[in-house]
Amino acid sequence: MTVARSGIVKLLPCLGLIAVLAGCDKSRIDDLVSRLPSGSSKVQSTAGTGSAGAKVTTPPPEKPTKSEQSTGQTQTVNEASLIGLSEAQTEKLFGKPASVSQDPPAVIWRYAGRDCGLALFFYMDVNANAYRVLTYEAEPKERDVSSCAGALHEEKIARSG
14 MTVARSGIVK LLPCLGLIAV LAGCDKSRID DLVSRLPSGS SKVQSTAGTG SAGAKVTTPP
74 PEKPTKSEQS TGQTQTVNEA SLIGLSEAQT EKLFGKPASV SQDPPAVIWR YAGRDCGLAL
134 FFYMDVNANA YRVLTYEAEP KERDVSSCAG ALHEEKIARS G
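Each residue of the sequence shown is one higher than the one before, counting from 14 in this note's numbering.
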């Protein structure tokens, strides 16, 4: 009996691994994918197709703003490019904000353009020890954030010369 028990004990880690891998079925992956927010990278499930894991594909880049087309600059200004901007990067894109307010733990920069306004909410990135944009709002609310950010960037370029 001792030999049989020691053989079973040696197999327990393998059996545990098999049980974990068996739990990785297509329905679980599809459930997780359906919970992704819209606009995020798309995940294509490959479970059950003989391939392990999931393949990540990114959506096509948004069209460049008019300022890129007219000035030849390579700076893309859209919703996705706002997240993670430092204060210096934000000032380079849009210039000095019209107003700055504190709503701890956030620092809010507001920009006012001809047709829209943009509020950028900076929060402390403890790893970088710097404030970075975590979220944003366009004003009016129904205005597309990407088009507003692009318009504000164009206005900044026009002011700069």
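Here a beta-carbon is modelled for each residue, glycine too, at the ideal position from N, C-alpha and C. Being a predicted model, the structure only gives us computed values, none of them experimental.
- L98 carries a coil assignment under DSSP once its states are collapsed to helix, strand and coil.
- With contacts defined as CB atoms closer than 7 Å, S99 and A164 fail to qualify as a contacting pair.
- F134 sits close to T148, with the two beta carbons spaced by under 7 Å.
- Counting the other CB atoms within 10 Å of its CB gives K109 a total below 16, which places it among the exposed residues.
- Contact check for R123 against A111 passes: the beta carbons are separated by less than 7 Å.
- Residue environment: A151 is assigned as buried (16 or more neighbouring CB atoms within 10 Å of its CB, all protein chains considered).
- Taking a 10 Å sphere around the C-beta of I170, we find 16 or more other C-beta atoms and assign the residue as buried.
- Inter-residue distance for C161 and C129 is about 6 Å (C-alpha atoms, whole angstroms).
- By the 16-neighbour rule on beta-carbons within 10 angstroms, E167 is buried.
- Cβ-Cβ distances below 7 Å link V90 to T78, L106, A162, G163 and H166 in the same chain, with the five nearest sequence neighbours on each side left out; the list follows chain order.
- The secondary-structure analysis by DSSP pairs F107 with nothing; it has no beta-bridge partner.
- Scanning T103, A101, L131 and M137 for the CA closest to the CA of P117 turns up M137.
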